[in-house]
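Below: one structure, written as structure tokens.
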Amino acid sequence: RGCRDIRKHVAWYFKGYPVGGETRAMLATASSLTEIDDILATLDLDAPYPGLAAEGQRGRAGTPKRPALPDRWLESRELDAAETSAIADAELDHSGG
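Shown next, in the form of structure tokens:
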């Protein structure tokens with residue numbers, strides 16, 4: 010799972026550093042921790058901190074996403090069987106949240 014999760018953060022982690030697009034692409038498509046370790050071993054560990062080039066907003070740059078509660082969430086502190094099942098399904102790794 011960690012190999013998949015790093016994909017969305019590769020650009021953030023290396024913002025401003027002298028890491029080429031090929032290295033970023035390889036990290037974004039790595040399928041094992043060993044592969045990630047091998048790619049990271051090729052980086053210049055003596056590269057200086059890029060300063061302002063590494064600063065700035067990361068993530069959502071537009072308007073904040075409006076939070077939304079599930080249907081009838083505030084009506085009761087109890088969950089029925091269908092709601093309990095829906096929450097359990099949302100916790101699965103492949104559900105998307």
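Everything in the sequence shown is counted per my numbering, starting at 10 for the first residue and increasing by one.
The C-beta atom is built at its ideal place from N, Cα and C for all residues, glycine as well.
Note that the structure is a prediction, hence the values are computed from the model and not measured.
- DSSP places G71 outside both helix and strand once states are collapsed to three, so it counts as coil.
- Minimum Cα-Cα distance from D55 among the listed residues E100, Y22 and Y26 corresponds to Y26.
- Comparing alpha carbon positions, the residue from R75, G29 and G60 closest to T51 is G29.
- Boundaries of the alpha helix (DSSP H) around A34: G30 to A37.
- Within the region 79-104, complete alpha helix (DSSP H) segments of at least 4 residues are found at 90-99, given in chain order.
- In the structure shown, the three-state DSSP call for G25 is coil.
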